[in-house]
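Visitor: I am attaching a structure below and will ask some questions about it afterwards.
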Amino acid sequence: MVIGTVVGSIWATRKEEGLTGLKLLEVHIDGFERDAGATDSILVAVDRIGAGTGDKVIVTRGTPASAFNEQSVPIDALIIGIVDPKELKG
Amino acid sequence: MVIGTVVGSIWATRKEEGLTGLKLLEVHIDGFERDAGATDSILVAVDRIGAGTGDKVIVTRGTPASAFNEQSVPIDALIIGIVDPKELKG
Amino acid sequence: MVIGTVVGSIWATRKEEGLTGLKLLEVHIDGFERDAGATDSILVAVDRIGAGTGDKVIVTRGTPASAFNEQSVPIDALIIGIVDPKELKG
Amino acid sequence: MVIGTVVGSIWATRKEEGLTGLKLLEVHIDGFERDAGATDSILVAVDRIGAGTGDKVIVTRGTPASAFNEQSVPIDALIIGIVDPKELKG
Amino acid sequence: MVIGTVVGSIWATRKEEGLTGLKLLEVHIDGFERDAGATDSILVAVDRIGAGTGDKVIVTRGTPASAFNEQSVPIDALIIGIVDPKELKG
């Protein structure tokens with residue numbers, strides 16, 4: 001998984017079937033050096049646990065991210081946890 | 101998922117079986133710093149929702165991108181939504 | 201999928217079972233900025249559609265790339281199309 | 301797999317169902333040049349073999365990382381080994 | 401697949417079940433520009449074809465890499481071939 005910070009919501013009126021009702025958040029992924037920048041550092045992830053802007057979150061990517069719905073919905077990123085503030089190291 | 105901008109269509113007369121009829125779009129993926137550049141920042145994605153050049157789109161990658169056809173077609177990127185302009189943050 | 205240019209063939213006499221007879225091509229993947237360089241910009245992909253050196257090709261990666269053989273062969277990159285020259289944008 | 305160093309634990313009180321009881325560690329992934337930095341160089345991985353801060357570990361990513369639970373839990377990184385100190389090259 | 405050079409063996413006494421008996425090699429992955437460096441340029445891959453230090457090898461990543469054992473072992477990188485020296489281009 002990767003760690004990132006929620007920066008806002010993403011809304012898409014026109015979308016693939018099956019996505020209706022899913023909450024999408026934009027997450028900026030942490031790296032060793034934020035200044036270095038690189039493709040993929042911005043992710044859009046499904047949230048089902050109530051994350052909001054400013055939260056530090058753990059994001060699972062790829063096929064395991066869609067395990068909750070048996071892969072019938074084409075998503076590849078899921079927020080699986082909100083990091084407890086004091087315990088975050090790095 | 102990642103966010104990017106559609107820059108045009110890709111046409112391939114010679115292709116794998118099963119790809120006939122699929123619309124392929126070239127998408128430039130957003131990063132923290134566009135200037136940084138990196139491999140993978142250009143993706144070719146299947147579009148089934150009517151995206152066009154200039155649209156800001158959400159792209160699912162990997163196995164979940166081919167879930168719509170039960171993986172019988174070898175594709176790894178699917179446009180799953182067109183971002184509503186005013187709601188995009190970042 | 202990603203776009204790249206075929207730069208040559210790869211031959212491997214010693215290999216995993218199941219790979220015999222598969223044509224392997226080396227492909228340099230396009231990025232926003234070629235000068236930036238990054239790991240993964242060189243891929244070895246299976247070709248079944250007659251691609252050759254200099255061709256601009258579309259490459260599918262990951263599990264969907266091995267869909268044609270029901271995953272019995274351990275490959276993770278497949279050339280799925282040769283881009284028609286005039287239509288390539290970007 | 302990739303190699304990295306465990307830098308601490310990650311705690312998340314609010315999380316997806318199924319994650320309860322899993323130990324999550326933050327791992328900094330090794331690259332050729334540590335100074336170069338890049339997104340994804342920080343991973344959160346599940347540990348089931350007793351790794352701790354400072355340990356050099358081998359991390360499996362993606363679907364194979366969730367094989368131990370038949371993909372019912374949405375995780376994409378698993379520590380599969382602690383590298384024996386003297387044998388590490390590179 | 402990616403191409404890289406074997407730089408040595410990796411030994412892990414403490415490891416996930418199912419890994420016993422698997423030979424792990426550290427591989428430095430080729431990029432366009434070696435100087436650029438990037439995370440993921442070092443991989444640990446399973447070898448079943450007798451590769452050794454200095455060999456140029458082809459590595460399959462992700463789920464297809466674990467196809468040989470029906471995904472019961474959590475590995476995500478497999479050496480599938482040793483490149484014939486004279487034929488390598490690039």
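Line order of the protein sequences matches chains A, B, C, D and E.
My numbering applies: residue 1 is where the first sequence begins, and numbers increase by one.
My numbering applies: residue 101 is where the second sequence begins, and numbers increase by one.
My numbering applies: residue 201 is where the third sequence begins, and numbers increase by one.
My numbering applies: residue 301 is where the fourth sequence begins, and numbers increase by one.
My numbering applies: residue 401 is where the fifth sequence begins, and numbers increase by one.
Beta carbons are placed, not taken as given, at the ideal position from N, Cα and C, and that holds for glycine.
Predicted model, so just to flag it, every value in this text is computed and none were measured.
If the cut-off is 7 Å on Cβ atoms, which residues from the region 304 to 323 of chain D count as contacting chain A, listed in chain order?
Guide: 307, 308, 309, 310, 311, 312, 313, 314, 315, 316, 319
Visitor: Can you tell me where the beta strand (DSSP E) holding residue 61(A) begins and where it ends?
Guide: 56 to 61
Visitor: Can you find a CB in chain C that lies within less than 8 Å of the CB of residue 172(B)?
Guide: yes
Visitor: Taking the straight line between their C-alpha atoms, what separation do you get for residue 467(E) and residue 185(B)?
Guide: Straight-line Cα distance between these residues: approximately 43 Å.
Visitor: Can you tell which of 322(D), 305(D), 348(D) has the C-alpha that lies nearest to the C-alpha of residue 313(D)?
Guide: 322(D)
Visitor: By the 9 Å beta-carbon criterion, what residues does the region 48 to 75 of chain A contribute toward chain B?
Guide: 53, 61, 62, 63, 65, 66, 71, 72, 73, 74, 75
Visitor: For residue 167(B), name the three-state secondary structure that DSSP assigns.
Guide: helix
Visitor: Would the region 457 to 464 of chain E and the region 352 to 367 of chain D be scored as touching if the rule is three or more Cβ pairs under 8 Å?
Guide: yes
Visitor: Give me the chain A residues within the contact set of residue 302(D), using Cβ-Cβ distance strictly less than 8 Å, ordered along the chain.
Guide: The contacting residues do not exist; residue 302(D) stays about 13 Å from chain A at best.
Visitor: Residues of chain B with CB under 7 Å from residue 78(A), in chain order?
Guide: Those do not exist, as residue 78(A) stays about 10 Å from chain B at its closest Cβ, beyond 7 Å.
Visitor: Determine, using beta carbons only, whether residue 406(E) and residue 425(E) come nearer to each other than 8 Å.
Guide: yes
Visitor: Between residue 115(B) and residue 75(A), what straight-line distance do the alpha-carbon atoms span, to the nearest angstrom?
Guide: 26 Å
Visitor: Using only the alpha-carbon positions, how far apart do residue 18(A) and residue 72(A) sit?
Guide: Straight through space, the alpha carbons of residue 72(A) and residue 18(A) are spaced by roughly 8 Å.
Visitor: Just the Cα atoms here: how many angstroms apart are residue 110(B) and residue 41(A)?
Guide: Annotation: residue 110(B) to residue 41(A) spans about 25 Å, alpha carbon to alpha carbon.
Visitor: Assuming the contact rule is C-beta atoms closer than 8 Å, residue 357(D) and residue 382(D) should be a hit. Round their C-beta distance to whole Å, please.
Guide: 6 Å
Visitor: Apart from the five residues just before and just after residue 455(E), which ones in its own chain have a Cβ nearer than 6 Å to its Cβ?
Guide: Closer than 6 Å at the Cβ level, and outside the excluded window around residue 455(E), lie 406, 482.
Visitor: Could you tell me the alpha carbon to alpha carbon distance between residue 404(E) and residue 327(D), rounded to whole angstroms?
Guide: 23 Å
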